[in-house]
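S.K.: The structure is given below, and queries will be raised subsequently.
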Amino acid sequence: MPRKPEKKQPRGQRDLSLPVREYRYEVGIPDHGVRLDLFLAARVSWRSRSGVKELISAGAVEVLPFKDPQQAPVGAIRDGLRLRTGQEVVLRVPEPGASAAPAGPDASGLEVVHEDDWVIAVNKPPFVSVHPSKGHLTGSLLHLLHERHRRLYPGATEVPHLCHRLDRETSGVLLAAKNALSRSRLGRQFENRSIVKTYLALVRGAVSAESGSIDLPLGSALTSGVRLKMAVRYDSDGLPALTEWSVARRAAGLTLLECRPRTGRQHQIRVHLAAIGHPIVGDKLYQEDEQIFVRSLNQAMTAEDRALLRLERQALHAWRLTFEHPFTGLQTTVEAPLASDIAALLDASGSGAP
287 MPRKPEKKQP RGQRDLSLPV REYRYEVGIP DHGVRLDLFL AARVSWRSRS
337 GVKELISAGA VEVLPFKDPQ QAPVGAIRDG LRLRTGQEVV LRVPEPGASA
387 APAGPDASGL EVVHEDDWVI AVNKPPFVSV HPSKGHLTGS LLHLLHERHR
437 RLYPGATEVP HLCHRLDRET SGVLLAAKNA LSRSRLGRQF ENRSIVKTYL
487 ALVRGAVSAE SGSIDLPLGS ALTSGVRLKM AVRYDSDGLP ALTEWSVARR
537 AAGLTLLECR PRTGRQHQIR VHLAAIGHPI VGDKLYQEDE QIFVRSLNQA
587 MTAEDRALLR LERQALHAWR LTFEHPFTGL QTTVEAPLAS DIAALLDASG
637 SGAP
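Numbers in our numbering are just positions in the sequence shown, counted from 1, shifted up by 286.
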């Protein structure tokens, strides 16, 4: 009887709490078009090709345009990414002999709203990136989670895996799994859209109805000069998107909405609310003029821009998350109280029309 192949073990999350050593390799003319994994395997003598793939999968590799004459955008970092002459490949791995942070008080500053042996949920503050990225290589929420985990559980063999993400300016509930199996089980729920997400969005204007739904297809904004911007698209490239909403509170010139996205399109709530004439307060990209966003990148916003926005960031808060616990199977709900900056603006605006 033939032997069954051994089940492949899930790859672990790279521990961002450890100090790292950085290696940089420029892509030369002979390496143009070479796969990323082959390029690194030829230079990292202490790792096999499969080991290099594990590093790529764990997020230890970054590719920068660097000296690429065309400064072409770099695609998703994956094994088969084809490199271009002039690009720079950056590898970050733990320092040899580095030890985890010693046990001690929780100095991460994270607000934990739920924790057990399998999962942890935190209240993400605004202006914190979820993952390391260009321009935010340290200080991400994942860094903070790993540092906290090593301080409180110095003998742990795994570190938390994030199960989803939020925009840098968005605050609220973020769920992480403490081991690969929990991450796999929760990941299936996110993929199947069985997890119920509820956001609070403070929007401009008085929304006339008490509840409703927005069923508008979304896709890339073809006429925009901002590459990441999305828009309502009625052509063949528009993807189905549905957002249900209800009024949570009214104030003078503002409305706080509970929003439940039934699909997971990029910027879905932001685009949908702007499309019905009620853009989110502080959202620089989806007001009437996207040049506000461009000016914000150049630190050149005007007094008129700030008066229109009323808040330094988009007033979007991930309030509640309901999921099936990966080990108990029980329905579990975690909540993060409304962020203080949104609550303060709402309170300062007083009562509006009922």
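Ideal placement from N, C-alpha and C gives every residue a C-beta, glycine not left out.
Out of Ala534, Lys339 and Thr509, which has the shortest C-alpha to C-alpha gap to Gly366?
M.R.: Among Ala534, Lys339 and Thr509, the Cα nearest to that of Gly366 belongs to Lys339.
S.K.: Can you list, in chain order, the residues of its chain with a C-beta nearer than 6 Å to that of Trp404? Leave out the 5 residues immediately preceding and following it.
M.R.: Around Trp404: Lys464, Ser468, Pro612 and Phe613.
S.K.: With distances taken from CA atoms, which of His318, Leu607 and Pro440 is nearest Ile481?
M.R.: Cα-wise, what sits closest to Ile481 is Leu607.
S.K.: Check whether the Cβ atoms of Val399 and Val445 sit closer than 9 Å, and answer yes or no.
M.R.: Contact flag unset, no.
S.K.: With burial defined as no fewer than 16 other Cβ atoms inside 10 Å of the residue's Cβ, what is the status of Ser642: buried or exposed?
M.R.: Examination of residue 642 is not possible in this model, given that the chain is present from 287 through 640 alone.
S.K.: In this structure, does DSSP put Glu598 in helix, strand or coil?
M.R.: Reduced to three states, the DSSP call for Glu598 is coil.
S.K.: Just the Cα atoms here: how many angstroms apart are Tyr311 and Phe352?
M.R.: In a straight line, the C-alpha of Tyr311 is about 11 Å away from that of Phe352.
S.K.: Using DSSP's beta-bridge definition, name the partner residues of His400.
M.R.: Paired residues: Ala407.
S.K.: Determine the burial state of Ser334: buried for a count of at least 16 other Cβ atoms within 10 Å of its Cβ, exposed for fewer.
M.R.: Ser334 is exposed by the Cβ-count criterion.
S.K.: Tell me the residue span of the beta strand (DSSP E) that contains Gly337.
M.R.: Where Gly337 is concerned, there is no enclosing beta strand (DSSP E), although the alpha helix (DSSP H) it sits in stretches over Arg335 to Ser343.
S.K.: For the putative contact between Glu530 and Arg546, defined by C-beta atoms under 8 Å, what is the C-beta separation to the nearest angstrom?
M.R.: 5 Å between Cβ atoms; contact.
S.K.: Which first and last residues belong to the beta strand (DSSP E) in which Glu544 is found?
M.R.: Looking at the DSSP string, the run of the beta strand (DSSP E) that includes Glu544 is Leu540 to Pro547.
S.K.: So does the segment 352–361 actually touch the segment 324–333, counting three or more Cβ pairs closer than 8 Å?
M.R.: The segment 352–361 is not in contact with the segment 324–333.
S.K.: How many angstroms separate the CA atom of Val313 from the CA atom of Val512?
M.R.: Roughly 28 Å separates the two Cα atoms.
S.K.: Contact defined as beta carbons within less than 8 Å: I believe Phe476 pairs with His447. What is the distance between those atoms, to the nearest angstrom?
M.R.: In fact, because the Cβ distance is near 12 Å, the residues do not count as touching under 8 Å.
S.K.: Check whether the segment 499–507 and the segment 623–631 touch, using three or more Cβ-Cβ pairs below 8 Å as the test.
M.R.: Touching, no.
S.K.: In whole angstroms, what is the alpha-carbon distance linking Gln704 and Leu571?
M.R.: The structure shown does not extend to residue 704, since the chain is modelled only from 287 through 640, so no value can be given for it.
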